[in-house]
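**Q** Add 173 to a position in the sequence shown, counting from 1, and you land on the number used in this note's numbering.
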Amino acid sequence: MEYRDYYQVLGVGKNATHDEIKKAYRKLARKHHPDVNPGDKNAEEKFKEINEAYEALSDPEKRKKYDQFGAHWQQYTRAGGRPEDFDWSQWRSYPGGGQTYTRTVTPEEFEELFGGGLGGFSDFFEMLFGRGTPPRAATGRREPHVRPARGRDAEHAIQVTLEEAFRGTTRTLQWEDGRRIEARIPPGVKEGSRIRLSGQGQPGPGGSAGDLYLRVQVLPHSTFQREGDDLRVRVPVNLYTALLGGQVEVPTLDRTVRLTIPPETSNGKTFRLRGLGMPRLNNPSQRGDLYATAEVQLPKNLDAEERRLFQKLRELRKL
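Below is the structure:
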């Protein structure tokens, strides 16, 4: 088994903050997402590595254990130890035993969560953080009686586009036992939103199942920037409309609207369009606002007559 440097995968230092890790992840995930690179197997593999690294480093408990393991591994290799002789058993995660345990997605779950064809986490990840199924007893002895107990909760990250976060969407999950879950993602979800699916977590030994929590990651958008329930967009405005006034089209997530530009509008002026932002998570009938910033476009490739008129204007302004 090979050691995986998750910090190197995301291109961050070992002292990186949570925000720096998230920023690096989002940039790389967008670059290597299978939807952006259809049919590219290398991009798929890179996308899997990026998600695995983020899953380990974005969770404080997982990151703490990974850092402890990394320090131990470096000490071992610097002392001349061979990787194939390393004792992995002391780091292996199984359910129970008083350890903190979070169930890791199976390959089937990973496929459903991220759109198919991406497989599961590596053996290295599953060794450190567990897979959800402890090794079977090999002694042949009768297993001790276990009192009925509630199953453990599970948490998984899912990615949605800004459009999906705007209108809401669904994800279908399939467990190893064939059980399928239709998870509804409500309109207005934000980065870091946690969606609870009651009783859909890990089955308990003779008891009820735990809960499944979906942690939402909203992918960056090429046109809009999100700030809570508000959106920001940059709108090109030609010089003549900026000087004399007029109307321009402004895109929103569900339609295009017309914005009146007053005369003598300067570059960078921002207009507030009420109620055209994101739906509010717990009250989707209400929406945030859209802030449209004017980007004044200067004319190019002037002909002789246009130059003469601009020159005349400059003379009139005594510039």
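C-beta atoms are modelled at their ideal positions from N, C-alpha and C, and glycine is treated no differently.
If you check the beta carbons only, do GLN375 and ALA322 fall under 8 Å apart?
**A** no
**Q** Helix or strand or just coil, what does DSSP make of LEU392?
**A** coil
**Q** Kindly identify the DSSP beta-bridge partner or partners of ILE354.
**A** Under the DSSP definition of a beta bridge, ILE354 partners with LEU346.
**Q** Determine the direct distance from the alpha carbon of ARG445 to that of ARG353, and round the result to whole angstroms.
**A** 44 Å
**Q** My guess is that LEU387 and ILE331 are in contact by the Cβ rule of under 8 Å, so how many angstroms apart are they, rounded?
**A** 5 Å
**Q** So, at 6 Å on beta carbons, what are the nonlocal neighbours of GLY324 in its own chain, with the 5 sequence-adjacent residues on each side left out?
**A** GLY374, GLN375, PRO376, GLY377, ALA382, GLY383
**Q** Between the C-alpha atoms of GLU479 and LYS204, what's the straight-line distance to the nearest angstrom?
**A** 43 Å
**Q** What number of angstroms, rounded off, separates the C-alpha of LYS238 from the C-alpha of PHE339?
**A** Linking LYS238 to PHE339 through their CA atoms gives a straight-line distance of about 36 Å.
**Q** Near ASP403, which residues of its chain fall below 8 Å by C-beta distance, leaving aside the five closest residues on each side in sequence?
**A** GLY450, MET451, GLY461, ASP462, LEU463, TYR464
**Q** Determine, using beta carbons only, whether VAL469 and LEU412 come nearer to each other than 8 Å.
**A** Contact check for VAL469 against LEU412 passes: the beta carbons are separated by less than 8 Å.
**Q** Apart from the five residues just before and just after ARG453, which ones in its own chain have a Cβ nearer than 8 Å to its Cβ?
**A** Taking ARG453 as the centre and dropping the five residues before and after it, the same chain places the C-beta of GLY361, ASP402, GLN459, ARG460, GLY461 closer than 8 Å to its C-beta, in chain order.
**Q** Over what stretch of residues does the alpha helix (DSSP H) that includes GLU437 continue unbroken?
**A** Note, GLU437: premise wrong, no alpha helix (DSSP H); not H, not E.
**Q** Just to confirm before moving on: does the CB-CB distance between VAL182 and ILE194 stay below 8 Å?
**A** With a cutoff of 8 Å on beta-carbon distance, VAL182 and ILE194 are scored as not near each other.
**Q** What do you get for ALA477, buried or exposed, if any count of 16 or more other CB atoms within 10 angstroms of its CB means buried?
**A** exposed
**Q** What does a CB cutoff of less than 6 Å around GLY448 pick up in its chain, not counting 5 residues either side in sequence?
**A** ARG460
**Q** Straight-line CA distance for TYR180 to GLY418?
**A** 52 Å
**Q** Rounded to a whole number of angstroms, what is the C-alpha to C-alpha distance between GLU284 and LYS200?
**A** Low confidence applies here, because GLU284 scores a pLDDT of 41, under 50, leaving its location unreliable; read the following figure in that light. Going by the C-alpha atoms only, they are around 21 Å apart.
**Q** Can you give me the Cβ contacts of ASP213 inside the same chain, cut-off strictly under 8 Å, excluding the 5 residues immediately before and after it?
**A** PRO207
**Q** Is the Cβ-Cβ distance between VAL406 and VAL421 less than 8 Å?
**A** no
**Q** Which word fits LEU475, buried or exposed, when buried means at least 16 other C-beta atoms lie within 10 angstroms of its C-beta?
**A** exposed
**Q** Are the Cβ atoms of ILE368 and GLU337 separated by less than 8 Å?
**A** no
**Q** Going by C-alpha distance, which of GLU488, GLN398, ASP178 is nearest GLU225?
**A** ASP178
**Q** Inspect the beta-carbon positions of THR466 and THR443 and report whether they are closer than 8 Å.
**A** yes
**Q** Starting from the Cα of ASP192, find the closest Cα among ASN456, TYR227, ASP240 and give me that residue.
**A** TYR227
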